[in-house]
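With the sequence shown counted from 1, adding 61 to any position gets you our numbering.
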Amino acid sequence: MLDYQKDFIHFALDCGVLKFGEFELKSGRISPYFFNTGLFNTGTRLGKLGEFYAQALCQSGLKVDMLYGPAYKGIPLVSTVAIAYAKQKNDIPYAFNRKEAKDHGEGGLIVGTALAGDVLIVDDVITAGTSVRESVGIIQMANARPAGVLIALDRQEQGPNGISAVQEVQQALAMPVISIITLANIIDYLAAHAGSQLDAVQVYRNRYGV
Numbered sequence: 062m063l064d065y066q067k068d069f070i071h072f073a074l075d076c077g078v079l080k081f082g083e084f085e086l087k088s089g090r091i092s093p094y095f096f097n098t099g100l101f102n103t104g105t106r107l108g109k110l111g112e113f114y115a116q117a118l119c120q121s122g123l124k125v126d127m128l129y130g131p132a133y134k135g136i137p138l139v140s141t142v143a144i145a146y147a148k149q150k151n152d153i154p155y156a157f158n159r160k161e162a163k164d165h166g167e168g169g170l171i172v173g174t175a176l177a178g179d180v181l182i183v184d185d186v187i188t189a190g191t192s193v194r195e196s197v198g199i200i201q202m203a204n205a206r207p208a209g210v211l212i213a214l215d216r217q218e219q220g221p222n223g224i225s226a227v228q229e230v231q232q233a234l235a236m237p238v239i240s241i242i243t244l245a246n247i248i249d250y251l252a253a254h255a256g257s258q259l260d261a262v263q264v265y266r267n268r269y270g271v
C-alpha cells in the first residue's frame, strides 16, 4: 500500500466517510464497514479528495485527454479532480452531463469541454455499473473513446454472477478501473493499526470477496 492510500484511509475515517459496525446493503448483506463519499461535504474535504483522485490517476500511468463526470455525484468529483490534476501534473479539460438535455441557451446534454479523444470517467464507487454504462454510451455518441474509470473505493465484492462490479466493467467494456483504495487496502490498514474491526472485515471478505 502506498503512502497516499494510507493517508486516504485516515482521511476517510476522520471525515466519517469510512465507518465500521453493522450496515445493511442494498443487496441485503450485512457489511462490517460502510463508505459514503457524500460526507466529503465541505470545500476543504472536497479539495483534498480531488488530490487523492489525482494521485491515483498519476500513479496508474494511464494517459487520457479529458475527464468526464456523470450527473449528479460525478459533477463535483470531476471538477475537483481536474483542479487537483492541473496542480499535480498538467491542465486537463473536463465535462459532465445534464440529466435532461437543455433546449435553450447553449443547449445540449454536455456541460464543459466537448467530449473528444480518450475520456476518463470519474465516479465514487461502482455498485452495479449502470452509471458507467450510461457514461460510455454518452461518450461514444460523441465519437470519443471511453478510456477507463477512476473511483474512490473498489469493494472487491462478488455480485450475482460471481465477479465484482469492477471486474464486470473491466471485462464487459474492456477498459481499466482505477481506484484510490480497495478493500484489501482497508484490511492492511486495520492489520497495521491493530484495528478491532479487522476480524469482522476479514470474515466478510472471505465470504463475499473476489
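Heads up, the beta-carbon is just placed ideally off N, CA and C, and yes, glycines get one too.
Opening and closing residue of the alpha helix (DSSP H) in which residue i lies
i: residue 83; result: Premise fails: residue 83 lies in the beta strand (DSSP E), 79-85, not in any alpha helix (DSSP H).
i: residue 186; result: Careful: residue 186 lies outside any alpha helix (DSSP H) and carries neither H nor E.
i: residue 266; result: 259-269
Nearest-angstrom Cα separation, counted from residue j out to residue i
i: residue 221; j: residue 241; result: 25 Å
i: residue 247; j: residue 173; result: 35 Å
i: residue 80; j: residue 213; result: 15 Å
i: residue 199; j: residue 130; result: 11 Å
i: residue 86; j: residue 92; result: 7 Å
i: residue 225; j: residue 147; result: 32 Å
i: residue 108; j: residue 140; result: 10 Å
i: residue 203; j: residue 177; result: 7 Å
i: residue 104; j: residue 218; result: 31 Å
Residue i - DSSP class collapsed to helix/strand/coil
i: residue 194; result: helix
i: residue 243; result: strand
i: residue 219; result: strand
i: residue 97; result: coil
i: residue 132; result: coil
i: residue 202; result: helix
i: residue 251; result: helix
i: residue 176; result: coil
i: residue 225; result: strand
i: residue 123; result: coil
i: residue 158; result: strand
Limits of the beta strand (DSSP E) - the one that residue i falls within
i: residue 180; result: 179-183
i: residue 72; result: No beta strand (DSSP E) holds residue 72; the alpha helix (DSSP H) holding it covers 64-75.
i: residue 169; result: 169-173
Same chain only: Cβ atoms within 6 Å of residue i, ignoring 5 sequence neighbours per side
i: residue 216; result: 244
i: residue 159; result: 170
i: residue 138; result: 130, 183
Close-in-space but distant-in-sequence residues of the same chain around residue i (CB under 7 Å, 5 per side omitted)
i: residue 197; result: 207, 234
i: residue 121; result: 239
i: residue 69; result: 113, 241, 242
i: residue 265; result: 92, 93
i: residue 77; result: 100
i: residue 106; result: 76
If we count Cβ pairs, one from each stretch, closer than 8 Å, do we get three or more for the stretch 173-190 versus the stretch 116-131? yes
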